[in-house]
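*Asks:* Here it is, the structure in full.
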Amino acid sequence: MSLQKLILNQASYNLWVNQQYVNWLKNKPKDLFQTEIASSYPSLYKTLSHILDVQEYWISIITGMEYQFPQEERSLDTILDRLERSSQQLVDVSTALTEEQLHEKIEVKSPWFEANLPCYEYFEHTIHHGFYHRGQLVTIGRILGITDAPMTDYNFYNIAVMGEAA
């Protein structure tokens, strides 16, 4: 499997998982999203907002576009909508890049770190970052009594989505 195909597969999986989470969370009681518990991002709202912000940030790095972190609070519906749209954008970008472009190094200088890594590493980081924090969403949800999280295991993705193409 080529690197381009692998990155596209991971970005597609990320989109599918985010769609599952949006569908899971969009009809939950809105007051639960602001309830704080002990966690790195202490509420469902703050965790979702962080996942979105970081995903959009890394897409801007990969595409060479400028990005400004939001200065104002957004509605939950806006965050959920943008999470799906930016996940699709990650798929679109991964489709557009060639194997050579995925290997090109991108220099990043930010307030938090400096790096000069191949483009594909930033894709991997973006996707894995989302996986990590979605696990926190499930944990926070369980603490708040939301126990019906979707099954988003990679094998279920392959069966649900890839199996349709077979």
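Residue numbers in the sequence shown follow my numbering, run continuously in steps of one, and reach 318 at the last position. For each residue, glycine too, the CB sits at the ideal point set by N, CA and C.
Could you tell me the distance, in whole angstroms, from the CA atom of D174 to the CA atom of L249?
*Replies:* According to the sequence as given, residue 174 is Val; it is not Asp. Distance between the alpha carbons of V174 and L249 is about 27 Å.
*Asks:* What residue range does the beta strand (DSSP E) around L269 cover?
*Replies:* E266 to P270 is the extent of the beta strand (DSSP E) around L269.
*Asks:* Taking all protein chains shown into account, do 16 or more other C-beta atoms lie within 10 angstroms of the C-beta of F221, making it buried, or fewer, making it exposed?
*Replies:* So F221 counts as exposed.
*Asks:* I'd like to know whether the C-beta atoms of T304 and V169 end up nearer to each other than 8 Å.
*Replies:* Yes.
*Asks:* Go ahead and label G282 buried or exposed: buried means 16 or more other beta carbons lie within 10 angstroms of its beta carbon, across all protein chains shown.
*Replies:* G282 should be labelled buried.
*Asks:* In chain order, what residues of the same chain lie with their CB nearer than 7 Å to the CB of V290, ignoring the 5 residues before and after it?
*Replies:* Counting only Cβ-Cβ distances below 7 Å, and skipping sequence neighbours, we find A301.
*Asks:* Count the other CB atoms within 10 Å of the CB of R286; is the residue buried (16 or more) or exposed (fewer)?
*Replies:* When all chains shown are included, R286 counts as buried.
*Asks:* Tell me, please, which residues DSSP counts as bridged to I159.
*Replies:* I159 is not bridged to any residue.
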